[in-house]
Each structure stands twice: as structure tokens, then as C-alpha cells.
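Visitor: Okay, here's the structure, questions in a sec.
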């Protein structure tokens with residue numbers, strides 16, 4: 727677990743670089759509030775997270791991060807256009823019921839949308855699937871299929887297609903190697919372990 | 344709120360000395376000896392608020408937490424008035440040394456509302472102009488009047504800043520309005536099982552209760568002696584309201600369809616003869632339970648107070664009062680936490696969610712949490728470690744600087 731926490735700190739930093747200081751940030755699927763807490767401390771943002779789990783919301787509230795327990799889509803429907811400076815969807819997209827609807831709605835309530843996800847096209851994942859013939863299990867996805875939440879194994883190529891189809895402008899993209907730290911120079915869908923996108927309309 | 348909270352006997356020590364309890368407490372009276380103007384412009388020459396406090400006020404006078412009670416609640420929210428008491432204060436499970444609202448850290452204050460009948464000035468109090476109870480000559484009370492009168496109490500106690508205001512149901516309305524009307528002194532507001540606007544259904548229930556009281560001839564247009572009044576009507580109002588505080592599931596679990604066992608010497612319950620005594624008596628346990636609730640209520644509550652306070656609830660509508668809920672909340676400086684309960688059908692989760700969303704739309708710092716319970720509206724009084732952790736986290740959270748370096 728510690729390894730993941732260390733890995734995560736780098737994508738948090740990148741998101742932190744993209745976030746304007748003192749801006750209004752919404753984190754969809756905020757978990758225990760790690761990212762928002764970092765953004766509050768590093769960028770003095772005005773933060774709110776949404777999470778479905780009572781214990782996660784308790785954790786957020788206990789560290790001073792405002793959080794709303796409930797459905798992501800219903801939450802966003804309650805806000806006017808461009809209410810948030812940035813909506814973050816970090817390691818959440820793969821578990822969404824209707825990812826397109828959520829991302830498009832995020833582009834409505836947010837001036838910018840940051841999406842971060844684990845690239846399932848990463849060569850290690852391909853080999854694991856090819857040779858093992860099993861659901862990919864690694865440090866990021868440690869659980870068996872029967873103890874995991876439903877997840878769409880999205881790849882960088884898939885995501886690029888999606889943005890093109892929906893006319894979403896990719897303002898910035900960062901592809902990181904398997905260490906989630908070093909920038910990936912070529913063949914991101916094969917060589918990148920993690921992807922971050924900054925989207926606008 | 345129901346009267347169900349029975350004290351669990353401690354292992355061996357007397358209950359009032361149980362670990363984590365504030366122990367024996369004494370109510371005090373704050374006498375405001377200057378005229379007080381109600382929202383509707385009516386003036387009374389002064390008023391009294393009965394209140395209790397637990398825990399010490401710190402040197403900077405900013406560690407106070409104001410607890411706000413519900414319709415039928417009072418100032419006695421924790422501890423015991425005497426070792427012989429059957430029950431402790433109504434939120435004793437939440438408030439005490441080391442509890443979620445920790446009296447070792449916070450100076451907890453709770454006052455009976457203006458318009459109430461547990462020691463604060465209300466319709467039952469003597470009108471100095473006539474020497475008789477005010478009755479319906481008492482000014483119309485609003486939630487705002489409750490808030491403003493308690494602000495005078497805080498000034499009297501020397502409270503510079505409230506660390507928090509906490510309340511459930513009507514107490515949640517008072518807490519929210521406190522943060523709107525006195526934003527400069529409220530640090531945190533925690534509102535549970537409440538609403539920003541009394542719903543049509545809730546007004547409808549209140550109206551049935553009021554009709555039960557007013558149709559009782561003993562009500563006499565609000566003019567009745569202190570030891571009399573519409574006892575039948577008030578008991579029926581309470582029985583009906585009590586059902587709205589619970590849920591189908593909790594009633595079924597508690598009583599099911601169990602029938603009342605005849606006492607020794609009683610004739611067996613008549614099965615099918617409407618003319619036999621007992622056919623329309625309390626056959627089911629839930630009936631005798633409600634009758635008991637009604638009877639115990641009339642011994643502690645004033646019918647006119649019930650009319651006044653339910654009317655105050657009906658008139659609570661932040662959107663109407665401030666132009667919009669967002670405009671109302673734009674004045675708030677406090678950090679807010681709203682808690683809804685899944686089985687609450689009097690102030691359902693949606694109405695609690697709406698408060699948090701409006702606070703966020705107004706650009707305030709607000710959180711919403713929802714607890715899964717099947718106990719209905721009274722769930723906010725629940726003994727729940729999850730709820731305690733949330734309340735404690737909200738009140739005590741300390742910014743810990745995490746090291747995000749790699």
C-alpha cells in the first residue's frame with residue numbers, strides 16, 4: 727500500500743501544477759480526501775469532494791476537507807454551468823456507470839476537467855492478460871474479480887478516441903511510465919502506466 | 344422527539360456517575376430584563392431562558408458549543424438532575440467528558456427555547472400586564488426569535504465565539520439560522536435531520552396536532568388554568584406526532600402485532616364483540632405504547648406552547664425569508680456539516696442534501712453525510728459509533744500537515 731501512496735504523490739503533484747491557486751475544485755470520487763487535502767495545502771484551493779461512502783466522508787470531514795456523500799451525477803446536476811474552476815476525476819473513471827455522461831457533465835459544471843487513470847494498455851497488463859489468462863492483478867488492482875468493484879479497463883488509446891468522438895479539447899496530457907513518475911516519450915498506450923488529461927470544451 | 348431513551352444501568356456505580364457522563368447538573372435561569380421585540384414587531388418587557396452548561400469556558404471564551412433542541416425537547420441535554428432520575432438528558436449519549444461532544448474541551452450550552460414551557464418564557468408564563476398566563480396573547484414566536492433570544496444568553500455568559508452550533512430537527516433549523524443571523528460568532532454548524540423549509544407534509548402533520556388541541560373544549564381559545572387545559576387534545580397530538588418520528592420498520596421491530604396481555608383479574612381480551620369493554624381499548628402493544636406517550640407528554644408540556652412552536656416550524660422557510668436559500672447561506676461564515684438519515688420521512692435525506700448543496704452553491708464550506716438507519720426521524724438521537732466519529736471529527740479536526748514529498 728505504501729508503494730501506491732508514494733506512486734500517487736507524483737500524479738497529485740502534476741494535478742497540483744495544473745490547478746490555479748485559490749480556485750474552486752471539485753473531486754469526483756474523493757475517497758478519504760488525500761488529493762483535496764494536498765491541493766488545499768499546496769494551492770489553497772476551495773475544495774469539495776463527492777464520495778458514496780460514509781466512512782470516506784467522515785475521513786474528509788475529520789481532516790477539514792468538505793465532502794458530500796452521494797451520487798456524482800446527481801451532485802453535479804445541482805450546480806450551474808462553470809461553477810467550479812476545475813473538476814478532478816482521478817482514478818474514478820474506470821468505475822463509473824456511465825463515464826461519458828459524467829465527463830460531459832463535469833465539463834458543464836467545470837471550466838476544466840482533469841482525468842487521471844491507470845492505463846490498461848500498459849505492456850505489463852497486456853502480458854499478464856496474454857500469458858496468465860487472468861484478470862490483471864498488481865499493486866494497483868490487488869483484488870480478485872469477485873472482490874472487486876466493476877471496472878472498465880480503459881486504455882490511453884480508448885480515451886483519446888473518446889475525446890475525439892465527443893469533441894473534447896485536450897488542453898494537456900501527461901503519460902507516465904510504469905513508475906508513474908518518469909515521462910513516457912513514445913508509444914504511450916504500450917509504455918505508459920498512468921495517464922493524466924486536462925480537458926476543456 | 345420521542346421519550347424513549349432509557350438509561351442503561353451502569354455495572355455497579357450509580358448511573359449518574361457512569362464513565363463519560365457529566366453527572367449531576369443544575370439548570371439555571373437567564374433573566375433578560377430589557378424589552379424584547381419579536382420578528383412580528385410585538386414586544387414583551389423581558390424574558391427568561393432556562394439553560395444548562397457543561398464543561399468550562401476557556402480563557403479566550405471561544406470554546407462554547409450551543410446545542411439546540413427539537414420541538415418537544417428542552418435545555419436538559421446531558422447529565423442527571425438527581426440520582427433518582429429515570430433518564431438522563433436527551434442527548435446524553437453524545438455529550439460528556441470524552442464523548443463526541445467532549446465537555447473536557449468544550450463549554451456546552453443548551454437553553455429551552457423562547458415560547459417553550461420548560462422554564463423559559465412562553466404562553467404559560469405570567470403576563471405582567473394581567474397577572475395571568477399569556478395564553479394566545481403571547482407574541483407569535485419564530486425560529487429567528489428563538490435564535491435572537493439565545494444570542495442574548497450567549498452575551499450574558501461572555502461567549503465571544505461559538506466553536507459550534509448543533510441541532511437536530513427544529514434544533515437544526517435554529518443552528519442554521521444562528522449561522523445566518525450571527526455569522527460573526529459561529530465557527531461551525533452541524534444540522535441533522537432537518538430542512539431549510541418546512542415541507543407541506545410536515546405542515547399537514549402539525550395542523551392535525553393543532554386541531555386535536557383546539558377542538559378540545561378545554562383549550563378554551565388558549566385561556567385555561569395552569570393545571571388544566573386540553574389534555575386529551577394534547578395527548579392525541581403527541582400520539583400522532585410520535586408516529587412521524589419513528590418508522591414502519593422500527594415500530595414493527597419494537598411491537599410487531601403483539602397484543603397486550605391481560606393483567607391478573609382482567610377478563611380475557613374480547614375477540615369480536617364491539618360492545619364488550621376492551622374491544623376498542625388498547626388491544627395491540629403499539630396502542631398502549633402511544634397512549635402512554637400521550638399521557639406522559641401532557642404532564643410535561645403546555646398545549647399553547649405546542650401550538651406556538653409548531654407554527655414557528657411551519658413558517659420556517661429560508662428561501663422565502665431571504666429571497667433564495669443561496670442568498671440566505673451567502674451570509675454564513677461557518678463551516679457546515681449536514682447529516683441526513685435514510686429512514687427519516689419527516690425531514691427526509693433529500694431535504695438535508697438540499698441544504699448542503701445550497702450552501703455549496705453559495706460558495707460556503709459544507710459537507711453532507713447520510714447514515715443508513717431504520718429508526719426514522721429520531722435517528723439523530725441514535726447510539727451510533729459512526730455518527731459519533733463524524734461529529735467528533737467535525738468538531739475536533741485539527742489540520743495535520745501531511746508530507747507529500749517523494
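Chains as they are written, first to last, in the numbering used here: chain Y, 727 to 927; chain V, 344 to 749. Even for Gly, the Cβ is constructed at its ideal location relative to N, Cα and C.
1) Is it the case that the Cβ atoms of residue 593 of chain V and residue 511 of chain V are separated by a distance below 7 Å?
2) If the criterion is Cβ atoms closer than 7 Å, does the pair residue 762 of chain Y and residue 756 of chain Y meet it?
3) At a CB-CB cut-off below 7 Å, which residues of chain V make contact with residue 920 of chain Y?
4) Determine whether the Cβ of residue 885 of chain Y lies closer than 7 Å to any Cβ atom of chain V.
5) By the criterion of Cβ-Cβ separation under 8 Å, what are the contact partners of residue 729 of chain V in chain Y?
6) Flag this pair as yes or no: are the beta carbons of residue 545 of chain V and residue 532 of chain V separated by less than 7 Å?
7) On the DSSP bridge list, what partners appear for residue 535 of chain V?
8) Per DSSP, what are the beta-bridge partners of residue 476 of chain V in this structure?
9) I believe residue 809 of chain Y touches residue 835 of chain Y by the beta-carbon criterion, under 8 Å. Please report the beta-carbon distance rounded to the nearest angstrom.
10) Counting only C-beta atoms, is residue 700 of chain V closer than 7 Å to chain A at any point?
11) Whose C-beta lies closer than 7 Å to the C-beta of residue 701 of chain V among residues of the same chain, with five residues either side of it excluded?
12) Output yes or no for whether 7 Å exceeds the beta carbon distance between residue 502 of chain V and residue 404 of chain V.
13) Compare the C-beta of residue 710 of chain V with all C-beta atoms of chain Y and state if any pair is closer than 7 Å.
14) Here's the rule: buried if 16 or more other CB atoms are within 10 angstroms of the residue's CB, otherwise exposed. What is residue 909 of chain Y?
15) Assuming residue 469 of chain V and residue 390 of chain V make a contact with CB atoms under 8 Å, what is their CB distance in whole Å?
16) My output table needs one value for residue 894 of chain Y: the three-state DSSP class, helix, strand or coil.
17) Go through its chain and collect everything with a Cβ distance to residue 970 of chain Y's Cβ below 6 Å, but skip five positions before and after it.
18) Determine the chain V residues that contact residue 793 of chain Y at a beta-carbon separation under 7 Å, and present them in chain order.
19) My output table needs one value for residue 461 of chain V: the three-state DSSP class, helix, strand or coil.
20) Who are the neighbours of residue 696 of chain V on chain Y, taking C-beta pairs under 7 Å?
21) For residue 723 of chain Y, which beta-bridge partners are listed by DSSP?
22) Alpha carbon to alpha carbon, how far is residue 802 of chain Y from residue 795 of chain Y?
23) Just checking: is the beta-carbon of residue 841 of chain Y within a distance shorter than 7 Å of some beta-carbon in chain V?
24) Using CA atoms only, rank isn't needed, just tell me which of V/650, V/477, V/637 is closest to residue 550 of chain V.
25) Can you tell me whether residue 689 of chain V is helix, strand or coil according to DSSP?
26) Could you name the residues of chain V that residue 805 of chain Y contacts, counting a contact when the two beta carbons are closer than 7 Å?
27) Quick one: Cα of residue 918 of chain Y to Cα of residue 788 of chain Y, how far?
28) As a quick exercise: from Y/890, Y/854, Y/774, Y/883, pick the residue whose alpha carbon is nearest that of residue 690 of chain Y.
29) Going by C-alpha distance, which of V/474, V/713, V/591, V/417 is nearest residue 685 of chain V?
30) Can you confirm whether residue 900 of chain Y, when its beta carbon is compared against all beta carbons of chain V, has any partner nearer than 7 Å?
31) Strictly below 9 Å CB to CB, what residues from chain Y border residue 733 of chain V?
32) Less than 7 Å between the beta carbons of residue 735 of chain V and residue 443 of chain V, yes or no?
33) Identify the residues that DSSP records as bridge partners of residue 653 of chain V: which are they?
34) Taking residue 813 of chain Y as the reference, give the member of Y/821, Y/800, Y/831, Y/826 with the closest Cα.
35) Give me the chain Y residues within the contact set of residue 713 of chain V, using Cβ-Cβ distance strictly less than 8 Å, ordered along the chain.
36) So what does DSSP say about residue 587 of chain V, is it helix, strand or coil?
Guide: A quick look at the data gives this:
1) No, they are not a contact pair.
2) Contact annotation: residue 762 of chain Y and residue 756 of chain Y have beta-carbon atoms nearer than 7 Å.
3) The premise fails here: residue 920 of chain Y is roughly 14 Å from chain V at the closest Cβ pair, so nothing lies under 7 Å.
4) No, residue 885 of chain Y lies away from the interface with chain V (no Cβ there is under 7 Å from its Cβ).
5) Within 8 Å Cβ-Cβ: 780, 781, 784.
6) Between residue 545 of chain V and residue 532 of chain V, the C-beta gap is not smaller than 7 Å, which leaves the two residues out of contact.
7) DSSP output for residue 535 of chain V lists V/511, V/682 as bridge partner(s).
8) Paired residue(s): V/469.
9) Contact check for residue 809 of chain Y and residue 835 of chain Y: beta-carbon distance about 5 Å, within the 8 Å limit, so the pair qualifies.
10) In summary, chain A is missing from the structure at hand, where the protein chains are Y and V.
11) Beyond the five residues adjoining it in sequence on each side, residue 701 of chain V comes within less than 7 Å, by CB distance, of 539, 668, 669, 672 in the same chain, given in chain order.
12) Yes; because the gap between Cβ atoms is below 7 Å, this pair is in contact.
13) Chain Y, which has a Cβ nearer than 7 Å to the Cβ of residue 710 of chain V, makes this yes.
14) Exposed, by the Cβ-count rule.
15) Not really, about 12 Å apart at Cβ, beyond 8 Å.
16) Coil at residue 894 of chain Y, not helix or strand.
17) What is shown of chain Y runs 727 to 927, which leaves residue 970 of chain Y out entirely.
18) Close to residue 793 of chain Y, with beta-carbon spacing below 7 Å, are these residues of chain V in chain order: 710.
19) Residue 461 of chain V falls in the coil class under three-state DSSP.
20) Ordered by position in chain Y, the residues that pass the 7 Å Cβ test against residue 696 of chain V are 796.
21) Examination of residue 723 of chain Y is not possible in this model, given that chain Y is present from 727 through 927 alone.
22) CA-to-CA, the gap between residue 802 of chain Y and residue 795 of chain Y works out to about 13 Å.
23) No, because no Cβ of chain V sits closer than 7 Å to the Cβ of residue 841 of chain Y.
24) Residue 550 of chain V has its Cα closest to that of V/650, out of V/650, V/477, V/637.
25) Coil at residue 689 of chain V, not helix or strand.
26) Per Cβ cutoff of 7 Å: 704.
27) When rounded, the distance between both Cα atoms is 35 Å.
28) Outside the displayed span of chain Y (727 to 927) sits residue 690 of chain Y, for which this structure offers no information.
29) Out of V/474, V/713, V/591, V/417, V/713 has the C-alpha closest to the C-alpha of residue 685 of chain V.
30) At least 7 Å separates the CB of residue 900 of chain Y from every CB of chain V.
31) Residues of chain Y with a Cβ closer than 9 Å to the Cβ of residue 733 of chain V are, in chain order, 780, 783, 784, 787, 788.
32) Closer than 7 Å, so yes.
33) The partner list for residue 653 of chain V (beta bridge, DSSP) is empty, contrary to what the question assumes.
34) Comparing Cα-Cα distances from residue 813 of chain Y to each of Y/821, Y/800, Y/831, Y/826, the minimum goes to Y/831.
35) Those within 8 Å of residue 713 of chain V in chain Y are 780, 795, 796.
36) Helix.
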